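Residue numbers (the working numbering): 1266 to 1351.
A virtual CB, placed ideally from N, CA and C, is assigned to each residue, including glycine.
Every value quoted in this text rests on a predicted model; they were computed, and no experiment measured them.
Report on one structure; see the data block that follows.
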C-alpha cells in the first residue's frame, strides 16, 4: 500500500479535537450519519461517504480542502483529491 500523497504526508492535524462530535449539516437537518470525518484544513466535521448526506465529501467539493481524518479516533487520513489513505 502506498504511504499516501503529498497532501496526507504534509497535512498536520492542527486540531486537538473536532469542532463538534456530530455531522454539522445532518444535525441541522435532523438526519442520521454512519461515521464522522474532520477536515484538517479548517476542522469542519461532516458525515462519511457511507452516510446518505456525504457531507465530508461535499465540504471538500465546495472548499477544495483535500484531507480529512477519521474521528474520534484519528487513526487514518484520506485525501479526496488523490483518493489515497495517508
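Using DSSP bridges, identify the partner residues of residue i.
i            : result
residue 1342 : 1334
residue 1349 : 1344
Quick one: Cα of residue i to Cα of residue j, how far?
i            : j            : result
residue 1348 : residue 1295 : 29 Å
residue 1321 : residue 1304 : 8 Å
residue 1315 : residue 1288 : 13 Å
residue 1266 : residue 1290 : Residue placement at residue 1266 cannot be trusted, given a pLDDT of 45 that sits under 50; what the coordinates show is reported in the next sentence. Whole-angstrom Cα-Cα distance: 33 Å.
residue 1273 : residue 1330 : 11 Å
residue 1298 : residue 1341 : 19 Å
residue 1317 : residue 1293 : 14 Å
Taking Cβ to Cβ, would you say residue i is nearer than 8 Å to residue j?
i            : j            : result
residue 1308 : residue 1284 : yes
residue 1343 : residue 1332 : yes
Relative to the C-alpha of residue i, which residue among the options is closest?
i            : options                   : result
residue 1338 : 1282, 1272, 1273 and 1271 : 1282
residue 1327 : 1351, 1336 and 1346       : 1346
Starting from the N-terminal side, write out each stretch of the alpha helix (DSSP H) that is 4 residues or longer and does not extend beyond the segment 1280-1332.
1289-1294 and 1320-1328
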